[in-house]
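First comes the structure, then the notes that go with it.
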Amino acid sequence: MSRQVVVAGVGTVPFSKPTAGRTYVQMGTEAIRLSLADAGLEYRHIRQVYAGYVYGDSCSGQRVAYESGMTGIPVINVNNNCATGSTALFLARQAVASGAVNCALAVGFEQMTAGALHNVFDDRPGPLDRFEQETNALIGDIGLPPALRYFGGAGLAHMQQYGTKLSTFAKIRAKASRHAVNNPHALFRTELSEDEVLASPVLWEGVMTRLMACPPTCGAAAAIICSRDFANRHGLSKPVRIRAQSMMTDTPSSLHAHDMRKVVGFNLTSNASEAAYDEAGIGPEDMNVVELHDCFAHNELISYEALGLCAEGASEAFVVDGRNTYGGDIVTNPSGGLLSKGHPLGATGIAQCAELVQQLRGQSGHGQVDGARLALQHNLGLGGACVVTIYGD
């Protein structure tokens, strides 16, 4: 039987624009320092490090970890697209749960460049080639960046099947901005109205405006993962249990269902969340707070249904009725999500973890969700991987 695993400490640095000038070493080192201080531990207690990043040379994880100590322990570099941070977290939890180590560190960082995501190597097959082919077959090559076509196309499929309005995506973005006002780590903390979101520059006529897409940002986050016994022996006072966790990759339905929602991971999310709910012995109706992967407002809406927060086709009513925010069924992205924080790929999943740990500790200040006992994290990467984690006792 695996051991009970807890998050003992978390640390997040404020996310920033690519032009801010901080290096991945500076940001990653600070995140590790903050997580150790939060846990009340020293680097010598760490027995393995899982370092997540997408845009960086090999062994960038060692470059960051060595700033905290050169203790000879394993440092494993992790790259799983937008799910990189939560993949590092998954591996750290797995190492502790199996008994391989008592205490591990998951750190994620990203020093990004401005502009749309793109392949670094153009002299070889791309990892998303098959997804690109299916997207072209479904919506055509309309001259937009790939991620925008993927997720915009998924939103468009929802609009076509259920009559979902563009204003509903604007409501999601406006909600994100209201939540971000309370998050000092978010890049954008100005409250926006639905009309302001709709009036922002059009990226895809009738489908998406600029404010419905998350920006590329730089940032870092870290989490200390240990066994419950280790936490008790060291007198750690603020551990939060990882009650269940599931990681899934694509099945044939992602490309064979001929549905853009499946291309961007609807079934991936559904499968991972169902496995996590089964492991935890609870369901989506038991969750108090969720941090989900809102790289676009469209993916937030689709993810409500994939995670079982509402029935398929019911997400527009879920948004319009305010069931996705404070006073509703479940508070989604109290941090402001990727739409307001930005999306430093390697850091995103661990920053989600940090937000939920603080929520369950009752440390989220003006953004605190009243009575938060159970929390769900959803982090998705195309190509693909999805990690769903449930926190709480």
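The opening residue of the sequence shown carries number 0 in numbering that gives the first Met the number 0; numbering runs sequentially from there.
Think of the CB as a built atom: it goes at the ideal place given N, C-alpha and C, for glycine as much as any other residue.
Check	Outcome
Alpha carbon to alpha carbon, how far is R2 from E278?	14 Å
Would DSSP call C213 helix, strand or coil?	coil
Please report the distance separating the alpha-carbon of A175 from that of G341.	11 Å
Any chance the segment 309 to 317 sits against the segment 334 to 349, with 3 or more Cβ pairs inside 8 Å?	no
What are the residues that DSSP puts in a beta bridge with L104?	V48 and I223
Which ranges would you report for the beta strand (DSSP E) in the segment 24 to 93 if only whole runs of at least 3 residues count?	47 to 51 and 74 to 77
Residues bridged to C385 by DSSP?	M247 and L379
Check whether the Cβ atoms of N181 and G364 lie closer than 9 Å to each other.	yes
Which same chain residues end up closer than 7 Å to K261 when comparing Cβ atoms and leaving out the 5 residues on each side of it in sequence?	S252 and S253
Can you tell me where the beta strand (DSSP E) holding A7 begins and where it ends?	V4 to T11
Checking the sheet assignment: what are the DSSP bridge partners for E290?	Q376
Taking the alpha carbon of G383 as the reference point, which residue from Q159, A64, G10 and N79 has its own alpha carbon closest?	N79
Thinking C-beta only, is A87 closer than 9 Å to A50?	yes
By DSSP, does E195 sit in helix, in strand, or in coil?	helix
Could you check which residue in N231, P215, C385 and A305 has the C-alpha nearest to that of S15?	P215
Is it the case that the Cβ atoms of Q47 and A7 are separated by a distance below 9 Å?	no
Determine the extent of the alpha helix (DSSP H) in which L355 is found, giving its start and end residues.	L344 to R360
Distance, Cα to Cα, M0 vs H44?	With a pLDDT of 46 at M0, under the threshold of 50, the modelled position of this residue cannot be trusted, and the question is left open.
Relative to the alpha-carbon of P17, which residue among Y54, G10 and A113 has its alpha-carbon at the smallest distance?	A113
Along the beta strand (DSSP E) that carries L202, what are the first and last residues, could you check?	V201 to W203
F295 and M211 - do their beta-carbons sit closer together than 9 Å?	yes
Tell me the DSSP secondary structure of F229 in three-state form.	helix
If you follow the alpha helix (DSSP H) that Q132 is part of, which residue opens it and which one closes it?	D128 to I138
Evaluate the contact criterion for the segment 329 to 341 versus the segment 25 to 42: three or more CB pairs, one atom per stretch, below 8 Å.	no
Taking Cβ positions, are E290 and A219 nearer each other than 9 Å?	no
Using the beta-carbon count (16 or more within 10 Å), is V119 buried or exposed?	exposed
Return the residue from the list A36, H297, V386 and R32 that minimises the CA-CA distance to C213.	H297
Rounded to whole angstroms, what's the CA-CA distance from P238 to A105? Just pull it up for me.	15 Å
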